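Visitor: Residue numbers (the working numbering): 43 to 498. Even for Gly, the Cβ is constructed at its ideal location relative to N, Cα and C. Note that the structure is predicted; figures quoted are calculated from it, not measured.
1) Per the contact definition of three or more C-beta pairs closer than 8 Å, is the segment 145–155 in contact with the segment 170–180?
2) Taking the straight line between their C-alpha atoms, what separation do you get for residue 236 and residue 477?
3) Check residue 301 in the structure and name its three-state DSSP category.
4) Quick one, which of 245, 419 and 240 has its alpha-carbon nearest residue 458's?
5) Classify residue 231 as helix, strand or coil using the three-state DSSP reduction.
6) Mind pulling the alpha helix (DSSP H) runs of 4 or more residues that sit fully within the segment 199–274?
7) Going straight from the alpha carbon of residue 47 to that of residue 360, what length do you get?
8) Residue range of the alpha helix (DSSP H) that residue 470 falls in?
9) At which residue ranges does the segment 388–420 contain complete alpha helix (DSSP H) runs of 4 or more residues, listed in the order of the chain?
10) Is it a yes or a no for the segment 422–429 touching the segment 351–360, going by three-plus beta-carbon pairs under 8 Å?
11) Nearest-angstrom Cα distance between residue 437 and residue 446?
12) Using only the alpha-carbon positions, how far apart do residue 482 and residue 472 sit?
13) For the pair the segment 324–342 and the segment 88–96, tell me if three or more CB-CB distances fall below 8 Å.
14) For my contact list, residue 131 and residue 262 are in at a C-beta cut-off of 8 Å; report their separation, rounded to the angstrom.
15) Alpha carbon to alpha carbon, what distance is there between residue 329 and residue 251?
16) Do you know how far the Cα of residue 115 is from the Cα of residue 50?
17) Between residue 402 and the rest of its own chain, which residues show a CB-CB distance below 7 Å, the 5 nearest in sequence each way excluded?
18) Consider the Cβ of residue 121: report whether some Cβ of chain B lies at a distance smaller than 7 Å.
19) How big is the Cα-Cα spacing for residue 491 and residue 294?
20) Which residues in the same chain have their Cβ closer than 8 Å to the Cβ of residue 154, if we skip the five residues on either side of it in sequence?
21) So, under 8 Å CB-CB, residue 278 and residue 112 are touching, yes? Tell me the CB distance rounded to an integer number of Å.
22) If we ignore side chains and look at the alpha-carbon of each, how far apart do residue 479 and residue 158 end up?
23) From the DSSP output, read off the bridge partner residues of residue 167.
24) Please classify residue 442: does DSSP put it in a helix, a strand, or coil?
25) Are residue 193 and residue 133 closer than 7 Å when you measure CB to CB?
26) Please report the residue range of the alpha helix (DSSP H) in which residue 358 lies.
27) If you draw a straight line from the alpha carbon of residue 346 to that of residue 202, how long is it in whole angstroms?
28) Is residue 223 closer than 7 Å to residue 82 when the C-beta atoms are compared?
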């Protein structure tokens, strides 16, 4: 008679720790591949190609966020998150959204070509580059591919069964990296960057259907599920629609005021900082959000608070130390990693690193999502978007791009008023905990200064 496993299930804390360990390992492997590929491809391509790719990527992300109703967050948070009918309805919505976004990208590419034809942009600006319309079209096709991704990935994240998620992500990234380097070596063109993104998305979408357990997605439609998605996602839609200005608005503005070469140098600084930022956000979305959501579904608010405080300590120390370290060590890091064509990225990265001071409050956003308080996330992004739209053109007019970069770095600080207010209402504000971690900022700056002094 076969034995039956009657061992008790792991506690929420242990499952979250195991998922966190998996994601940290995946993040390290992913960033090593990303950094290595970035260093190699910058030797093969000229800086203006990265500027063009930054605009195309920004346009794609912009359209996705303008239509984001939080499908993944809804699956993780909803009591129906493992109901096949609910998941299949999400999948259908996801596919429809992908095709609509691609049509919008085609329209955007047509507008870009028309603007070039009538000489709307200065000849030196990134928007005037001849390849831009086709790059927009091909980059935009990735949203169609992504639309077919299986919801089994989201269910795995919800249940902390993330081993296969990590493996699938690393495989798709590795395949994309190989495509980028081989195509870059053979063509020395921007199409190597475009091809890498498309192939990586295609591989992960295929693996999402082949590697994960659970019922296969098939076309189904449940009006009740749609109503739940719309009810949960309406504030996320507003949040993302406004937040896209805060997250991508700098490249939108700079695309018209920087040359492709200058924007390429700027994008190198943004890419390195984005790697750290996305790593922390991945931990928050893949580990903290499922943990907070499970605790919130049990109705135990004290449990949510305890999880939040335990998680915050690590996030605070990492984000604050990174903020201080990059503030003083960025020029040295860029000098080590890149040739002299990218030297200007060092000072840019030092200024932009100041945004890490507010990055540590990503966990507060995850608690709001878990509790269904998505309207506060929308207000947070409205503050970010409005402040950036005011600061960037104002600083560009006063002192040009060098001043405007400070606006990019500091515009998120205005959200601290909202975060402190909402967290106090939820019982998540402890001034002692806020202050006790601040020395990590000074320690990071001192460490960066010492290393720069030793190796400069």
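Guide: Reading from the atomic positions:
1) Yes, the segment 170–180 is in contact with the segment 145–155.
2) 45 Å
3) strand
4) 419
5) coil
6) Segments of the alpha helix (DSSP H) lying fully in the segment 199–274: 205–229 and 233–252.
7) Residue confidence is low: residue 47 scores 39 on pLDDT, short of 50, so the model does not pin down where it sits. Its coordinate-derived value is still stated next. The alpha-carbon atoms of residue 47 and residue 360 are separated by roughly 39 Å.
8) Neither: residue 470 is in no alpha helix (DSSP H) and is coded neither H nor E.
9) Unbroken alpha helix (DSSP H) stretches of 4 residues or longer found wholly inside the segment 388–420: 398–401 and 404–412, given in chain order.
10) no
11) 5 Å
12) 18 Å
13) Contact between the segment 324–342 and the segment 88–96 is absent, with fewer than three C-beta pairs closer than 8 Å.
14) 6 Å
15) 22 Å
16) Its pLDDT being 42, under 50, residue 50 is placed unreliably in this model, and the value from its coordinates should be taken loosely. Their backbone Cα atoms lie some 28 Å apart in a straight line.
17) 357, 358, 361 and 362
18) Of the protein chains in this structure there is only one, and it is not chain B.
19) 33 Å
20) 169, 174, 175 and 178
21) That belief holds up - the Cβ atoms of residue 278 and residue 112 are roughly 4 Å apart, short of 8 Å.
22) 51 Å
23) 301
24) coil
25) yes
26) 343–379 is the span of the alpha helix (DSSP H), which, as asked, contains residue 358.
27) If you draw a straight line from the Cα of residue 346 to the Cα of residue 202, it is about 17 Å long.
28) With a cutoff of 7 Å on beta-carbon distance, residue 82 and residue 223 are scored as near each other.
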